[in-house]
Structures are given as structure tokens and as C-alpha cells.
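Quick notes on the structure that follows.
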Amino acid sequence: MIVIGYSADEYGDAAVQHGIAEAKVRGAALLVINASRGDALADPRFAAEGQVLDLQEVLNASGLEYVLEQPVGVDIVDALLAAMDRDDTELLVIGIRHRTPVGKLLLGSNSQKLLLRCAKPVLAVKPPE
1 MIVIGYSADE YGDAAVQHGI AEAKVRGAAL LVINASRGDA LADPRFAAEG
51 QVLDLQEVLN ASGLEYVLEQ PVGVDIVDAL LAAMDRDDTE LLVIGIRHRT
101 PVGKLLLGSN SQKLLLRCAK PVLAVKPPE
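Numbered per UniProt numbering, the sequence shown spans residues 1 to 129.
Given below as C-alpha cells:
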């Protein structure tokens, strides 16, 4: 199973596209996780109803089996790491931002935590420029 850390932006879209491609190559299913801590009035990375429908349309068009989870009240890093601890998961796909050379030293904290703490392979992808 390929786990995709989805955010409702171009980085999440890039992760979904690459995750679908990897799942097709590997003959695997998808687990798409779009989590929110729920501690803010609005979380722009948490998919709203219309965005969920658009995402489901893309996933349905892929022809792959998938599960879409939207847990609230959890840390996204913890949710993704817990998913990757399952025996049936083999790859985590996340979207990352384009960064300057200095910015690369200060990789986004969630991305950095996932890259350092995940025991299985992590594919970090960027959207097209």
C-alpha cells in the first residue's frame, strides 16, 4: 500500500499524482491521509467538501483501490507515521515546497520529521513550476 500525505494545495496534488503512478507500478492500493489538528478556526491544508469530491474523482479515475481518511484532532506527522507502521504499507509520498539553498537547510518541520522518523522509504515530490 502506498500512503499519501495529502494537503489541499498544489503540493498535495503533486503527492497524489506521484502516489498514483507509484501504486500502478507496484500494483498497490492507496491510503490517502488529509489530517488536521483542528486547533485553528480554518486549516487551509484540510480539504473542504468540494476539494474532497475533486480528490475522489482523481482517485476513482486512477482505477486503483483507495481509502481516504480525514482525521481531525491529530498531528499529521503522527498520523502518517502510524500508517507507515502498518505491515502492508511500503512507501510514503509527500509534497514539499521549492526552497532556496538556505531554505533547504531549514526543510519544513513536518517534512523533516517524516524523512528522519519514517522507517520505510519516503518519496518527497514538488509540483511543477
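Built from N, CA and C at the ideal position, the CB exists for glycine as well.
Please report how far the alpha carbon of residue i lies from the alpha carbon of residue j, in whole angstroms.
{"i": "Glu10", "j": "Pro44", "result": "12 Å"}
{"i": "Lys120", "j": "Ala28", "result": "15 Å"}
{"i": "Ala82", "j": "Ala35", "result": "12 Å"}
{"i": "Arg37", "j": "Ala79", "result": "10 Å"}
Going by Cα to Cα distance, which pick from the options is closest to residue i?
{"i": "Ala14", "options": "Asp85, Asp87, Asp88, Ile94", "result": "Ile94"}
{"i": "Ile20", "options": "Ser36, Met1, Gly38, Asn34", "result": "Met1"}
{"i": "Glu65", "options": "Lys24, Ser111, Ala42", "result": "Lys24"}
So the alpha helix (DSSP H) residue i belongs to, where does it begin and stop?
{"i": "Ile94", "result": "Where Ile94 is concerned, there is no enclosing alpha helix (DSSP H), although the beta strand (DSSP E) it sits in stretches over 91-95."}
{"i": "Val52", "result": "49-62"}
{"i": "Gly12", "result": "10-26"}
Should residue i be labelled buried (16 or more other beta-carbon atoms within 10 Å of its own) or exposed?
{"i": "His98", "result": "exposed"}
{"i": "Glu22", "result": "buried"}
Tell me which residue opens and which closes the beta strand (DSSP E) that residue i is part of.
{"i": "Tyr66", "result": "66-69"}
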